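Position 127 (the sequence shown) corresponds to 127 in full-length UniProt numbering; numbering is contiguous.
Beta carbons: idealized from backbone N, C-alpha and C, even for Gly.
Only a predicted model underlies this, so the values are computations on that prediction, with no experimental measurement involved.
Notes for the one structure printed next.
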Amino acid sequence: GAILVVSGADGPMPQTKEHILLAQQVGVPAIVVFLNKIDQVDDEELLELVEIEVRETLSLYDFPGDSIKIISGSALLAVEALTKNPQIQRGEDQWVDLIYELMDIVDEAIPLPQRNIDKDFLMAIEDVVSITGRGTVVTGHVERGKVKLGDTVEIIGFKNTQETTITGLEMFQKTLEESVAGDNAGILLRGVQKNEIQRGMVLAKPGSITPHLRFKGQVYILKKSEGGRHTSFFPGY
């Protein structure tokens with residue numbers, strides 16, 4: 001699911017439609033709307049017009065605009081209240097309460113994703129860091145499967161495939177024994193130098209996938225009305 005943030009002062013912008021279209025294209029199942037910056041809006045009718053426009057825009061892209069939940073608030077004022085008092089509780093600040101309300105609706109309207117832990121382990125590498133005294137750590141989102149300390153994995157992509165052993169697992173500065181699909185993990189690899197790995201490679205269960213230099217893909221080109229190109233492009237663009 002997704003939270004669509006729209007300025008209550010400005011209404012939907014061209015990029016708002018792009019984000020909704022992208023959500024439709026990738027199959028986002030549910031959306032909740034947060035109308036932000038309402039502290040800058042004095043006219044209640046203006047907010048109602050913005051809400052109507054948001055619902056109509058969502059309906060254009062096959063989302064149930066009439067029934068989607070919309071919460072109005074101010075992220076800035078909520079952050080300011082939390083900065084002044086990090087221990088603030090629900091019921092002590094109207095702007096913080098609206099964020100709580102937003103998250104309540106997210107819990108209600110957006111189903112928990114099913115973690116695909118039964119398939120072979122796969123994680124796309126998003127970043128690589130070298131930690132003095134420990135070794136090379138790769139970070140990324142575990143797409144499927146699970147992995148444990150001591151498991152052997154393959155590093156695949158761009159260069160020759162190589163095997164390595166996992167010697168450490170972390171998530172949000174907490175040490176793990178196992179990482180599963182859906183986790184954003186940091187994985188410490190044995191005997192691998194930082195310059196041997198780059199963003200875009202993947203970690204995978206040995207023998208489960210192979211690299212390819214050619215593949216077939218499908219793309220959607222944004223129309224001019226959707227904020228995309230209005231002139232042709234050619235091979236090599």
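When you compare each of the options to residue i by their alpha carbons, which one comes out closest?
i, options, result
"V96", "L76, E108, S232 and L112", "L76"
"G207", "E143, I155 and I31", "I155"
"I70", "A9, I52 and V192", "I52"
"S7", "R199, G168, G157 and L49", "L49"
"L122", "L47, V192, M201 and A81", "M201"
"A9", "S74, V219, D62 and G217", "S74"
"V138", "G186, F234, P12 and V106", "G186"
"residue 246", "V32, A204, I125 and G191", "It is not possible to answer for residue 246, since the shown part of the chain is limited to 1 through 237."
"K17", "E44, V41, R229 and V54", "V54"
"L60", "D43, L46, I38 and I20", "I20"
"D93", "A81, L102 and D104", "A81"
"A204", "V26, E163 and F172", "E163"
"V41", "G11, A23 and V28", "G11"
"I209", "G140, L98 and V153", "V153"
"V5", "L102, K148 and I221", "L102"
Residue i bridges to which residues according to DSSP?
i, result
"E178", "K148"
"I131", "G135"
"M201", "Answer by DSSP bridge pairing: none, since M201 is not bridged."
"N195", "None; N195 has no bridge partner."
"L49", "DSSP, once it has assigned bridges, lists no residue as partnering L49."
"I70", "V33"
"N184", "H141"
"T165", "T152"
"M171", "K174"
Count the other CB atoms, across all protein chains shown, that sit within 10 Å of the CB of residue i; report buried if there are 16 or more and exposed otherwise.
i, result
"L189", "buried"
"D183", "buried"
"I131", "exposed"
"K146", "buried"
"R214", "exposed"
"S72", "buried"
"R144", "buried"
"F158", "exposed"
"I197", "buried"
"S179", "buried"
"F63", "buried"
"I125", "buried"
"V128", "buried"
"G140", "buried"
Does DSSP put residue i in a helix, a strand or coil?
i, result
"S7", "strand"
"residue 254", "With the chain running from 1 to 237 in the structure shown, residue 254 is simply not present."
"E44", "helix"
"K159", "strand"
"T231", "coil"
"E18", "helix"
"A75", "helix"
"A2", "strand"
"L213", "coil"
"L98", "helix"
"L189", "strand"
Would you say residue i reaches chain B, if we count a Cβ-Cβ gap shorter than 8 Å as a contact?
i, result
"R134", "Absent from the structure: chain B. Only one protein chain is present."
Relative to the ligand MN, is the shortest distance from any of its heavy atoms to the C-beta of residue i smaller than 7 Å?
i, result
"E48", "By its list of ligands, the structure shown contains no ligand whatsoever, and the ligand MN lies outside what it can speak to."
Margin query: Does the structure place the stretch 105-116 close enough to the stretch 1-17 that three or more beta carbon pairs sit under 8 Å?
Written below: yes
### Task
Evaluate the contact criterion for the stretch 224-233 versus the stretch 163-173: three or more CB pairs, one atom per stretch, below 8 Å.
no
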